[in-house]
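Down below is the structure, laid out as structure tokens.
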Amino acid sequence: MAGKKALDKQGIETASFFGNATSFSPWGNPETLTSIRQKYQALTKEQKIARALEYRRTKSLIQQLIDVIVDFASAGFEIELTSTSKDKKEEIKKHYNDLNRNFNLDKKVIKIIDLLVTCHNAVLLWHTNTYKEIEWLKILSPNQVEYKPAFGGGLLYLKLSNEFRQMVNYPDQYFVGFTKEKIAEEMSRIPDKYKTAAKKLNSRVLMNEDDGDHWKIITLKEDEIDGFEEPGMQAIFEDIELWDMLKDGDWTIAFHIKYLIQQVSAGEPTREGQKPYPLKSALVNIEKEWKKPNRSLYWFTDWTQKAQFIFPDPTIWSPNKYEAVENRILRWAGISLALIQGTGGTYSVGYLNIKRLIAKVNTIRRIVKRALEEFYREPSVILEESDRYPSIKFDEQMLKEPRQLLDQIRFLVQQGLLDNQSALEGFGYEARDIKERKQEERKAQKDWLPLYNSGTGLPVSMDSGQERLPKGNKGRGGSPTDSITPQEPEQKPKPATASKNE
Numbered sequence: 008m009a010g011k012k013a014l015d016k017q018g019i020e021t022a023s024f025f026g027n028a029t030s031f032s033p034w035g036n037p038e039t040l041t042s043i044r045q046k047y048q049a050l051t052k053e054q055k056i057a058r059a060l061e062y063r064r065t066k067s068l069i070q071q072l073i074d075v076i077v078d079f080a081s082a083g084f085e086i087e088l089t090s091t092s093k094d095k096k097e098e099i100k101k102h103y104n105d106l107n108r109n110f111n112l113d114k115k116v117i118k119i120i121d122l123l124v125t126c127h128n129a130v131l132l133w134h135t136n137t138y139k140e141i142e143w144l145k146i147l148s149p150n151q152v153e154y155k156p157a158f159g160g161g162l163l164y165l166k167l168s169n170e171f172r173q174m175v176n177y178p179d180q181y182f183v184g185f186t187k188e189k190i191a192e193e194m195s196r197i198p199d200k201y202k203t204a205a206k207k208l209n210s211r212v213l214m215n216e217d218d219g220d221h222w223k224i225i226t227l228k229e230d231e232i233d234g235f236e237e238p239g240m241q242a243i244f245e246d247i248e249l250w251d252m253l254k255d256g257d258w259t260i261a262f263h264i265k266y267l268i269q270q271v272s273a274g275e276p277t278r279e280g281q282k283p284y285p286l287k288s289a290l291v292n293i294e295k296e297w298k299k300p301n302r303s304l305y306w307f308t309d310w311t312q313k314a315q316f317i318f319p320d321p322t323i324w325s326p327n328k329y330e331a332v333e334n335r336i337l338r339w340a341g342i343s344l345a346l347i348q349g350t351g352g353t354y355s356v357g358y359l360n361i362k363r364l365i366a367k368v369n370t371i372r373r374i375v376k377r378a379l380e381e382f383y384r385e386p387s388v389i390l391e392e393s394d395r396y397p398s399i400k401f402d403e404q405m406l407k408e409p410r411q412l413l414d415q416i417r418f419l420v421q422q423g424l425l426d427n428q429s430a431l432e433g434f435g436y437e438a439r440d441i442k443e444r445k446q447e448e449r450k451a452q453k454d455w456l457p458l459y460n461s462g463t464g465l466p467v468s469m470d471s472g473q474e475r476l477p478k479g480n481k482g483r484g485g486s487p488t489d490s491i492t493p494q495e496p497e498q499k500p501k502p503a504t505a506s507k508n509e
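In terms of my numbering, the sequence shown opens at residue 8 and continues consecutively.
Shown next, in the form of structure tokens:
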């Protein structure tokens, strides 16, 4: 402020077209780089998790990177059974397939993987009724619950949202247009402990197995019994904000170019006289004119007032300014520009990044597989009198290069190590459907045969090798396969010869 007062004493008036730009104003207290960076550093584990989830929703670069990993890791999710009894195997598989379909486990697996990649934590929560049947199943993020580690197991609290408390305390306002009977029906579905907590303005409810609540914490690296772990994304929080600030700069420049950047000068171009500068009132009037929301402006002035259009240097639009920060973010995700764009790296760099991505995907799959297989063994999930538990299977071929997959399957088939069904499944075909279509094709094959053979002129049924064989003979053409005793050829007697004595 000292500089502004000095100018005021000299009689120089100052004006700004953007009065809210005080953070970096030369007359105010400028923000230091340290103070700016401190804004982006979360203090607690909960804040770090919440920030990682926020970046997942709002930052386009983070969305793209996480989507790549999630798409690879979740591809081909299905259950697999091995049992000696075919009938029992089909019964068990139908039970778990119905479970997956009723609770839409395909999408829930995608959400588990998404949360593990984003914040390294996920919560599997389900509720059973008095008959030990699952009523609902949810996948929750860590910021939706509160976990308290304890000896012999921890305590899990479900956080109640403001919307839920409003629904319980003011049902008439929440269910607008519903009849009283319909409102009562909706409220009856809510367990009593949830309604009691909402009416007492409590923000959480304890999950208790005696009430039918069951849960499982899934973490990426740390032990689940210790609770949630810190997200790995915290290492690039500053880089994400820097990338966002650079993008904001592009938006700011684009905004000014849309409305043009003007420099307005007023007053005489001479320093002679007692007050060779415009009055503040004159500058205020000019500011009002230029701030009018017009797409174009005709400004009529005298020779003392001038307006100049200023355009920024085109190099400011260069994407090179993003390269350094994007590389740091991509390295955190285990994905390089060479892998995404196919350029910008050597073959060895791209190969190593692909291997790193495959290793990361396999790690996530193993964690999800173990968690779901433990869930399938729960008493409320397992099929009664079942001697087989399902195992989780993902599409392993998704992580292989097409030529590598083709050569591998060709080698196994040629060596007799792979059956036809496995070969078809390796290429993504459903072997059972193809088998049924082949059987139907054989049945309909006779309908497509011609009536007469174009070469012999005989009916096709008479011209076939099998029809010409005698009844009882086997095979198609050639020597008959029936046992036939070979006969000696007939020998003609030799003519008698006269003796020499005669």
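The beta carbon of each residue, even a glycine, is placed where N, CA and C say it ideally should be. Values in this document were obtained by computation on a predicted structure and should not be read as measured data.
Between E87 and S398, which are expected to be in contact by the criterion C-beta below 8 Å, what is the C-beta distance as a whole number of angstroms?
Residue mapping note: residue 87 aligns to position 80 of the sequence shown, counting from 1. Residue mapping note: residue 398 aligns to position 391 of the sequence shown, counting from 1. Between E87 and S398 the beta-carbon gap is near 5 Å, inside 8 Å, which marks them as a contact.
Extract the residue ranges of the alpha helix (DSSP H) inside the stretch 162–222, only unbroken runs of 4 or more that lie entirely within it.
169–176, 178–181, 187–195 and 199–206
Straight-line Cα distance separating L167 from K100:
Mapped onto the sequence shown, residue 100 falls at position 93. Mapped onto the sequence shown, residue 167 falls at position 160. The alpha-carbon atoms of K100 and L167 are separated by roughly 37 Å.
Beta-carbon proximity of D246 to V332, cut-off 8 Å
Locating residue 246 in the sequence shown gives position 239, counting from the first residue. Locating residue 332 in the sequence shown gives position 325, counting from the first residue. Result yes, Cβ atoms of D246 and V332 sit closer than 8 Å.
For a test of the three-state rule: what should DSSP assign to H127, helix, strand or coil?
For the purposes of this step, residue 127 is taken as residue 120 along the sequence shown, with counting starting at 1. Looking at H127 - three-state DSSP - the assignment turns out to be coil, as it is neither helix nor strand.
C-beta atoms of K2 and V175 nearer than 8 Å:
Since the displayed the chain opens at 8 and closes at 509, residue 2 lies outside it and no answer follows.
Between which two residues does the alpha helix (DSSP H) containing I56 stretch?
To locate residue 56, count along the sequence shown from 1; it is residue 49. Counting along the chain, I56 sits inside the alpha helix (DSSP H) bounded by residues K52 to T65.
Q446 - containing alpha helix (DSSP H), residue span:
Translated into positions along the sequence shown, residue 446 becomes position 439. Unbroken alpha helix (DSSP H) run through Q446: A438 to K450.
Assigned exposure category for R58 - 16 Cβ within 10 Å defines buried:
For this step, residue 58 is matched to residue 51 along the sequence shown. Classification for R58: buried.
Between I225 and the rest of its own chain, which residues show a CB-CB distance below 6 Å, the 5 nearest in sequence each way excluded?
Along the sequence shown, read from residue 1 onward, the residue named residue 225 stands at position 218. Once the five neighbours on either side are set aside, the close Cβ partners of I225 are A129 and A378.
I need the straight-line Cα distance from H263 to P321, nearest angstrom please.
In the sequence shown, the residue the question calls residue 263 occupies position 256. In the sequence shown, the residue the question calls residue 321 occupies position 314. Pairing H263 with P321, the inter-Cα distance amounts to about 14 Å.
Touching by the beta-carbon criterion (3+ pairs, under 8 Å), the stretch 214–234 and the stretch 120–138:
yes
Quick one: what does DSSP say V332 is sitting in, helix, strand or coil?
As a first step, residue 332 must be located in the sequence shown, where it is residue number 325. Helix, per DSSP.
From this set, I260, N169, Y164 and T203, which residue's C-alpha is nearest L213's C-alpha?
Locating residue 213 in the sequence shown gives position 206, counting from the first residue. Among I260, N169, Y164 and T203, the Cα nearest to that of L213 is on Y164.
Near Q151, which residues of its chain fall below 8 Å by C-beta distance, leaving aside the five closest residues on each side in sequence?
If you number the sequence shown from 1, residue 151 lands on position 144. These residues qualify, in order along the chain: V130, L165 and K166.
Beta carbon of N104 nearer than 8 Å to that of D113
In the sequence shown, counting from the first residue as 1, residue 104 sits at position 97. In the sequence shown, counting from the first residue as 1, residue 113 sits at position 106. No, the pair does not count as a contact, with Cβ atoms beyond the cut-off.
At the level of alpha carbons, what is the spacing between T29 and A261?
Locating residue 29 in the sequence shown gives position 22, counting from the first residue. Locating residue 261 in the sequence shown gives position 254, counting from the first residue. Residue placement at T29 is poorly supported in this model, since its pLDDT is 37, which falls under 50; the coordinates are not used for a value here.
Using the Cα positions of Q473 and F401, report the straight-line distance between them to the nearest angstrom.
For the purposes of this step, residue 473 is taken as residue 466 along the sequence shown, with counting starting at 1. For the purposes of this step, residue 401 is taken as residue 394 along the sequence shown, with counting starting at 1. With a pLDDT of 47 at Q473, under the threshold of 50, the predicted position of this residue should be treated as unreliable, though the coordinate-derived value follows. Spanning the two alpha carbons is a distance of roughly 48 Å.
Among L162, F318 and D220, which one has its Cα closest to the Cα of E140?
Within the sequence shown, the letter at position 133 stands for residue 140. Nearest in C-alpha terms to E140, of all of L162, F318 and D220, is D220.
Y358 and W250 closer than 8 Å at C-beta
Within the sequence shown, numbered from 1, the residue matching residue 358 stands at position 351. Within the sequence shown, numbered from 1, the residue matching residue 250 stands at position 243. Result no, Cβ atoms of Y358 and W250 do not sit closer than 8 Å.
Determine the direct distance from the alpha carbon of W258 to that of T308, and round the result to whole angstroms.
Taking the sequence shown and counting its residues from 1, one reaches residue 308 at position 301. Taking the sequence shown and counting its residues from 1, one reaches residue 258 at position 251. Cα to Cα, the separation comes out at about 32 Å.
Is it right to say L208 is buried, meaning 16 or more other beta carbons lie within 10 angstroms of its own, or is it exposed?
Mapped onto the sequence shown, residue 208 falls at position 201. So L208 ends up on the exposed side.
How would you label S148, buried or exposed, when you count the other beta carbons within 10 angstroms and need 16 or more for buried?
For this step, residue 148 is matched to residue 141 along the sequence shown. Its Cβ being crowded by 16 or more others within 10 Å, S148 is buried.
Give the DSSP bridge partners of E153, in chain order.
Taking the sequence shown and counting its residues from 1, one reaches residue 153 at position 146. Answer is Y164, bridged to E153.
C-alpha distance - E193 paired with V116, whole-angstrom precision
Residue 193 sits at position 186 when you count from the first residue of the sequence shown. Residue 116 sits at position 109 when you count from the first residue of the sequence shown. So the two alpha carbons sit approximately 29 Å from each other.
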